[in-house]
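Novice:
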Ligand SMILES: Cc1cc2nc3c(=O)[nH]c(=O)nc-3n(C[C@H](O)[C@H](O)[C@H](O)COP(=O)(O)O)c2cc1C
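Residue numbers (the numbering used here): 397 to 804.
This is how it looks when you write it as structure tokens:
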């Protein structure tokens, strides 16, 4: 007769299965069991995993206190924590330097748990886990995230794209070839957005990709899920274009009916706050630094718009160069450029003879997320006070004289 099936999703395991599991774990993990009721808390069991890790056979360690694994490099404070946890009957986890039988040191993440039966303390269980040597190259969460992303996106993209390419190669009809090459281009955009939306749900420490709290938010451990973004129908005016260039160059070479400028307001740079987006778009694997794993080039790639003395002049130059019938600019009362200066520049752009119209909408708004989180020191402790948590956002709209465009 086949054994009874396990009770579905009951969460408990029948006794024989628990015993079998315990046997496997006792065999695989590096475990020691001690008896705190005996003098000096000696080892009463050591698993094969313990032998494999330390080089000592069970017979060599039975009856001894585990401190024989310690040596000159063992941190005294960590041992103190172990001693007081054992004295108080608490579980404890510490990282210690221990030594194998051959004298070789290793990092040991030790977990000790008191084991009770029938309301009595019976023994203490120690689980030893070897830590990677300091300085060794270990794949961190970010590396795994990027590898996972690359793998999944590349796989899906390669497949669909090669199908499209095969069709393109087979087709004699130029209209079909053009439509397929168009589809390929759009697909890349869709995949990139889908990737950014997936990353947005796991990468962020606090809303921007900074490390104010000096630790990752719990959502960083979520699984990455690619989602198909909401794809809007193509604009009636024709195909959209995206350009990656300096603002001043874009203003000089591109023309439009309506131009929208969203400059940095002050020293807070987009690159520094949204560095993960940059890495996704550029699709590189840059050198990084700090808790937030920022791109190293966040330090060298400075924008004039983030510089108090240079922002006004730089913005004036861009605005003067813009070739459009209407211009929209968003800014804040916390920016390096005052409302009056901005309106002055826009009036000049709209038309010297006064034919142009400049309107300003002022909206009270919450300050950026860092202001709510507060100021923290290197240890992640809150220090100092944030002066204010609201500000005013401005939207300036501006129509050039002789333009018949209507801006509400
Ligand atoms: C179950 C158990 C496992 C232990 N395993 C280790 C170990 O792997 N490495 C180590 O350095 N100390 C280990 N210890 C800690 C030492 O045995 C001892 O408690 C510690 O050195 C503090 O006590 P002492 O000041 O008397 O030495 C373990 C203790 C217990 C109870």
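Backbone N, C-alpha and C fix where the C-beta goes; we use that ideal spot for every residue, glycine too.
Only a predicted model underlies this, so the values are computations on that prediction, with no experimental measurement involved.
1) Which class does residue 588 belong to by DSSP, given the choice of helix, strand or coil?
2) Starting from residue 359, trace the beta strand (DSSP E) in both directions and tell me its first and last residue.
3) Can you round the beta-carbon distance between residue 459 and residue 493 to whole angstroms, since I take them to be within the 8 Å contact cut?
4) Does the beta-carbon of residue 430, which I'm using as the reference point, lie nearer than 6 Å to any heavy atom of ligand 1?
5) Going straight from the alpha carbon of residue 512 to that of residue 501, what length do you get?
6) Can you name the residues that DSSP bridges to residue 755?
7) Return the CA-CA distance between residue 720 and residue 528, expressed in angstroms with no decimal places.
8) Roughly how many angstroms separate the alpha carbons of residue 747 and residue 568, rounded to a whole number?
9) Cβ of residue 461 within 6 Å of any heavy atom in ligand 1?
10) When you compare the CB positions of residue 589 and residue 625, do they come within less than 7 Å of one another, or not?
11) Is the CB-CB distance between residue 440 and residue 457 below 7 Å?
12) For residue 466, verify whether its CB is less than 6 Å away from any heavy atom of ligand 1.
13) Looking at the unbroken alpha helix (DSSP H) that takes in residue 715, where does it start and where does it end?
14) Give the range of the alpha helix (DSSP H) segment to which residue 507 is assigned.
15) Check residue 701 in the structure and name its three-state DSSP category.
16) Candidates 676, 631 and 495: which alpha carbon is nearest residue 596's?
17) Leaving aside the five residues before and after residue 666 along the sequence, list all residues of the same chain whose C-beta is less than 7 Å from its C-beta, in chain order.
18) Where do the ends of the beta strand (DSSP E) carrying residue 518 lie?
19) Quick check on DSSP: helix, strand or coil for residue 649?
20) Considering Cα atoms alone, identify which of 761, 753 and 711 is closest to residue 789.
21) Quick one: is the Cβ of residue 479 within less than 6 Å of any heavy atom of ligand 1?
22) Please return the same chain residues whose Cβ sits closer than 6 Å to the Cβ of residue 729, not counting the five positions on each side in sequence.
23) Report whether the distance from the Cβ of residue 472 to the nearest heavy atom of ligand 1 is below 6 Å.
24) I'd like to know if residue 796 contacts chain D, where contact means its C-beta is closer than 7 Å to some C-beta of that chain.
25) Compute the Euclidean distance between the alpha carbons of residue 497 and residue 450, then round it to the nearest angstrom.
26) In the DSSP assignment, what are the bridge partners of residue 439?
27) With residue 793 and residue 724 assumed to form a contact (beta carbons below 8 Å), what rounded beta-carbon distance in angstroms separates them?
28) Taking C-alpha atoms, which residue in 480, 489, 692 and 704 lies nearest to residue 680?
29) Please list the terminal residues of the continuous alpha helix (DSSP H) segment that includes residue 666.
30) If you draw a straight line from the C-alpha of residue 634 to the C-alpha of residue 695, how long is it?
31) Measuring only the C-alpha atoms, how far is residue 743 from residue 717?
32) Roughly how many angstroms lie between the CA atoms of residue 574 and residue 653, to the nearest whole one?
33) Using the C-alpha atoms, what's the distance from residue 690 back to residue 489?
34) Nearest to residue 706 by alpha carbon, out of 796, 662, 583 and 444?
35) Which residue marks the beginning of the alpha helix (DSSP H) containing residue 469, and which one marks its end?
Specialist: The structure says:
1) helix
2) The structure shown does not extend to residue 359, since the chain is modelled only from 397 to 804, so the question has no answer here.
3) Incorrect: roughly 24 Å between the Cβ atoms, too far for contact.
4) yes
5) Taking the straight line from one Cα to the other gives about 33 Å.
6) 793
7) The alpha-carbon separation between residue 720 and residue 528 amounts to approximately 59 Å.
8) Rounded to the nearest angstrom, the two C-alpha atoms are 53 Å apart.
9) yes
10) yes
11) no
12) Result yes, Cβ under 6 Å from ligand 1.
13) 704-717
14) First-last for residue 507: 501-513, but that is the beta strand (DSSP E), not the alpha helix (DSSP H).
15) helix
16) 676
17) 660
18) Secondary structure note for residue 518: its beta strand (DSSP E) is the uninterrupted segment 516-527.
19) helix
20) That would be 761, whose Cα lies nearest to the Cα of residue 789.
21) yes
22) 787 and 788
23) It does not: the Cβ of residue 472 is nowhere closer than 6 Å to a heavy atom of ligand 1.
24) Annotation note: the requested chain D is absent from the structure, which comprises a single protein chain.
25) Separation of residue 497 and residue 450 (C-alpha to C-alpha, rounded to the nearest whole angstrom) is 6 Å.
26) Beta-bridge pairing links residue 439 to 430.
27) 5 Å
28) 692
29) Taken as a continuous stretch (DSSP letters only), the alpha helix (DSSP H) holding residue 666 covers 666-669.
30) Roughly 39 Å separates the two Cα atoms.
31) Distance between the alpha carbons of residue 743 and residue 717 is about 14 Å.
32) Whole-angstrom Cα-Cα distance: 28 Å.
33) 31 Å
34) Per the Cα distances, 662.
35) It is not in any alpha helix (DSSP H) - residue 469 carries neither H nor E in the DSSP assignment.
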